[in-house]
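Undergrad:
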């Protein structure tokens, strides 16, 4: 396929483009922003450009009137006579038929791409930390035998105006062969803020990928993103393999601090998890892990220390000073993370002893600091984090919910993966359930065999609320054993349980049940969240919140009705309750896609006030009060009506 | 032992000093430069300082008139009445008896220490790249639970005025424990030019060590230096273990470029050599390798590429463009070098395809660019490098000498180590040798058993010259078999050889002989050097040189008379010939001790003009002519008189 040189001004971006492609396609390939409201549909007329003709010695290029062929019919129709006389073309129409220099007038330069996320009301510019620049070098000759690195750096300066860059050591090691095996045409990946070229690839390689990972105590959620468009290309999640060293952060801290090589071991485990996630994401996308140019991590303070191999012994005890709180940029290779070997890992800042980077990420995603309304944000993980406030003031606290709401400590709990029951309804009359598993759109009993394997976080909240609304569980949380239903029975120890799925429906050959112990664990978790929110409202000085946002790294959205029904938070109109999924993961993704958001995260981490609730004198009493289920009959007419408690 | 806070102004350096020590001792411990021409002998009166009294809130310190006790008799004698009235004290006299703030007037501030090297005429300031700063932190409390890193960086800024530093990742990982296990008193090692704290140690640790290594094709020479004084604390050398992959650079390049993992293998071998040298130096000095804060490397271009794992395939063939030519700073851990894990390896710049950083180091040490006289510098290694010029113009070339002059390819050649014959004389009448081995001051035959094991580089040059002067070897290089001496004999193949040491004298149980093949190898080497020098003189346009400098990483100095006698360089009066030992190693050491010398090295690398001699049309003829030994009878009356050739 014949190719021609295309150079865009004023950006100076250049590259070889296949004959016949439009200028707009060339611009997209080379990462030049040209306004095209109609998406290249030859309708909007926004993509006006001016080809320049003549000999451009500096560019080693001749651009002639034949380079783009005559005006097309669309151009004759859309461009005014004056524009036609001034030589304007429409980038979407004009086909490349020769080497050409194209000037993009200010009016046609597109604003940076903005990602809008439907339903979450978020928008942010795409401004990743790394840039891909295509450069062409003059080959080494006996009369110009400069070093490869000097030659590359000069070409980058001349062709892209970036001065004083340095080559990362790992990029240098591959440079001689990459240059010569690719005819001296390469793409460099640059971290302009660090003045560094982090890698060099052969040929024209505009694509760029990054990964954001939310490292929870129980679950890791990872997102592979296209750093040019912001698109999430792949998602993956897995259990935190540290779980064998304790289910909660305190036992992991104890292990790391109290055992010879304990820190090294837990660090190695989490790095291995990260590497497996990266490998899985890359394989599914059909790229190599070394093409992951950046990684953003968010986590609670304990996971932060363990993932970065920072001694965590002192964050677990008074005065709870962390090793580092500010954001960190660490070379992936220093952490043993397998991705672009010159790439950086960005760790978002942590707030206080028990409020981590994951909560900063939640704030970044939900932006209460830009809101007039008072938002209550509940992020459910092994620790629950709650934020309350608006642009005037932001408070946060941490609640020891335990991992029940994530599925750990629940008899049939599992992470959000195919086979997990994620949505549950129970008919108040028949006490029969309807449920849906991840990976299928059919609800039981519409399908006889559902392939259920367990219950994930959102399913646990759903089934708990449904049991309550159907009257199977009373306000105290006890299962009503007097109800006559084949679903309600006693286990071998005489404890009541509710059968959500019978063995025949499942893929595990066992009945999936909700036990009385499960219900107790969920009650404790929801009580911790409720009390936390109450304290924050008091500290803020408000008796209401304007909006409630439910977040959690569930991999499946929380049902807001269920959350309200179970009394997870103070009363709020259902229309002002929003479930947003994994907001911490979203925030990590935002920080991955926009470097300026990292500065915003740093400001947020300093701005938010941490409230310690466990030291309040009436904490125990309030907690006990909140364990009971709410009086919610007016909203859910069946709720509690069969209450036996 | 009671200790008091001592703070020096204007430097702001502070620390706890044992009661009774003098202010001068305190200054030395804290790295504060106070002029003391008499070395603290209470004689010169240069070390005048002014104690300041009162309460210093910012320093959290009370300084009283009792802090230094009354004027001593020496002070009363040396200080003028006016000085006494103004409160002056002599730092060498005044004993510390309480917390005190000491102001050091401009006149008493010492210039930076200058190292003078006797016999080499070198002097340079000590200005290492790394600094040690002692800092005291306020412990973390519930009301001040800042992160450890923020606390440290703020203390460094307040106590030493260094702003905007960052902590190297490896320093951060150990920070929490180092702070708390040392009562929040630590010493940080700073690389100010990189804005980085590279390590944190507990307590007051002003000592600082660095290593310079000259990596030759055949031999590595390493120097452990005190970065405060410039003193060479330990020296060590070893063979380059890559030797099994080829004796010359071209065969190593072929191996690295032509074999799967060839580069990784040769890189790993040289890094292992470096690590073993570092371990040996550290062990002998009684420190840990992690206390080596910096490493400077010099090498030829091929060793540069192999040591840094840069693909060397293209430096070995036209147009000989290296991967990188400028100086490089690489984290030791990225190279797999075991020293301070946050420390940097500085690689001096290389000049041209075949002239490496070792030659830049030679120029740095010998400074022809600061000289009016024309200097000819001959650096003998597996490749010989020659520089010629002065402040007006500098030329260099590289000569393929082969490793003979370093002892490789010589039947009994060995590196300069105990047991190596380093000096040789031969009586022209008896043809009996006198020789001296490294590790003993006695010359054979004054000792019967000398423990000789082989011959090192300087011994090879010596024995070659001695054989010629004694007439055993003629101008053509042939051994005269007609001489009657038990030392001259034929081997089992009938080849003539000269017995330098009989088996009974040696530690190896074998006669140490010089073979005809040895002599041929030495002749080729010296011819290459001679012709190189001749060409440089022609290019420069001079028929004479003012000074000849003989350098080589021999570990033992070349005998300049021997070098002249064998015709290694054009004629020059013996008094203007100087043997300087390992100038490349000296230059590496200078770059280790003074960061400004690295900028000078960069300028030198650009300034020096490389001359390619092998392409000259009359090269072969000149080379053949130079193989013969010189007409030197006028200088050495016996030379060649028994010549049979």
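Protein chains in written order, with our numbering: chain A, 1 to 645; chain B, 646 to 1290.
For each residue, glycine too, the CB sits at the ideal point set by N, CA and C.
All values reported here derive from a predicted model rather than from experimental measurement.
1) Near residue 646 (chain B), which residues of its chain fall below 6 Å by C-beta distance, leaving aside the five closest residues on each side in sequence?
2) At a cut of 8 Å, does the region 1205-1212 of chain B reach the region 1107-1117 of chain B through at least three beta carbon pairs?
3) Do you know offhand how far residue 825 (chain B)'s Cα is from residue 569 (chain A)'s?
4) Express the C-alpha separation of residue 934 (chain B) and residue 750 (chain B) in angstroms, rounding to a whole number.
5) What first and last residue would you give for the beta strand (DSSP E) that runs through residue 489 (chain A)?
6) With respect to the alpha helix (DSSP H) encompassing residue 73 (chain A), which residues constitute its N-terminal and C-terminal limits?
7) Quick check on residue 306 (chain A) - is its C-beta less than 9 Å from some C-beta in chain B?
8) Which residues of chain B have a Cβ atom closer than 7 Å to the Cβ of residue 319 (chain A), listed in chain order?
9) Would you check if there are 3 or more beta carbon pairs closer than 8 Å linking the region 1170-1184 of chain B to the region 1066-1083 of chain B?
10) Looking only at C-alpha atoms, which of A:230, A:132, A:4 and A:91 sits nearest to residue 125 (chain A)?
11) Just the chain D side, please: which residues come within less than 9 Å of residue 311 (chain A) by C-beta, in chain order?
12) So, does the CB of residue 899 (chain B) fall closer than 9 Å to a CB anywhere in chain A?
13) Please confirm if residue 880 (chain B) has its CB atom under 9 Å from at least one CB of chain A.
14) Using a threshold of 9 Å, state whether the C-beta atoms of residue 1052 (chain B) and residue 1096 (chain B) are closer than that.
15) If I'm right that residue 952 (chain B) touches residue 991 (chain B) with Cβ under 8 Å, what's the distance once you round it to whole angstroms?
16) Between A:178, A:150 and A:175, which has its C-alpha nearest residue 165 (chain A)'s C-alpha?
17) On a CA-only basis, which of B:1265, B:1183 and B:656 is nearest residue 806 (chain B)? Give me that one, please.
18) Taking beta-carbon pairs under 7 Å, can you tell me which members of the region 789-808 of chain B lie near chain A?
19) Going residue by residue through the region 137-213 of chain A, where are the continuous beta strand (DSSP E) segments of at least 3 residues, counting only ones entirely within it?
20) Check whether the region 917-929 of chain B and the region 138-149 of chain A are in contact - that is, three or more C-beta pairs closer than 8 Å.
21) Which residue from B:973, B:670 and B:1064 puts its Cα closest to that of residue 1087 (chain B)?
22) In whole angstroms, what is the alpha-carbon distance linking residue 460 (chain A) and residue 494 (chain A)?
23) Could you check the C-alpha separation between residue 713 (chain B) and residue 672 (chain B) for me, to the nearest Å?
24) From this set, A:583, A:539 and A:533, which residue's C-alpha is nearest residue 572 (chain A)'s C-alpha?
25) At a Cβ threshold of 9 Å, is residue 1 (chain A) touching chain B?
26) Give the interface partners of residue 326 (chain A) over in chain B, defined as CB-CB distance under 9 Å, in chain order.
27) Comparing alpha-carbon positions, which option in B:1039, B:1066 and B:1211 lies nearest residue 1110 (chain B)?
28) Please list, in chain order, the chain B residues whose beta carbon lies closer than 8 Å to that of residue 617 (chain A).
29) Show which residues of chain A have a CB atom less than 7 Å away from the CB atom of residue 944 (chain B).
30) Any beta carbon from chain B within less than 9 Å of residue 444 (chain A)'s own beta carbon?
31) Go ahead and label residue 594 (chain A) buried or exposed: buried means 16 or more other beta carbons lie within 10 angstroms of its beta carbon, across all protein chains shown.
32) To the nearest angstrom, report how far apart residue 94 (chain A) and residue 23 (chain A) are at their CA atoms.
33) If I follow the unbroken alpha helix (DSSP H) through residue 1248 (chain B), where does it start and stop?
34) Taking residue 426 (chain A) as the query, report the chain B residues whose CB atoms sit under 7 Å from its CB, ordered along the chain.
35) Determine the burial state of residue 1269 (chain B): buried for a count of at least 16 other Cβ atoms within 10 Å of its Cβ, exposed for fewer.
36) How close, in whole Å, do the beta carbons of residue 170 (chain A) and residue 342 (chain A) come, if the pair is a contact with beta carbons under 8 Å?
TA: According to the data block:
1) 663
2) yes
3) 41 Å
4) 39 Å
5) 488-490
6) 73-78
7) no
8) 785, 786, 787 and 790
9) no
10) A:230
11) Considering every chain present, this structure includes no chain D. Its protein chains are A and B.
12) no
13) no
14) no
15) Not quite, the Cβ-Cβ distance comes to about 13 Å (not below 8 Å), so this is no contact.
16) A:150
17) B:656
18) 790, 791, 792, 793, 794 and 795
19) 185-191 and 196-202
20) no
21) B:1064
22) 23 Å
23) 14 Å
24) A:533
25) no
26) 792, 794 and 795
27) B:1211
28) Residues of chain B passing the Cβ test: none, with the nearest at roughly 18 Å.
29) Neighbours of residue 944 (chain B) on chain A: none; closest Cβ ~15 Å, over 7 Å.
30) no
31) buried
32) 6 Å
33) 1241-1252
34) Residues of chain B passing the Cβ test: none, with the nearest at roughly 47 Å.
35) exposed
36) 5 Å
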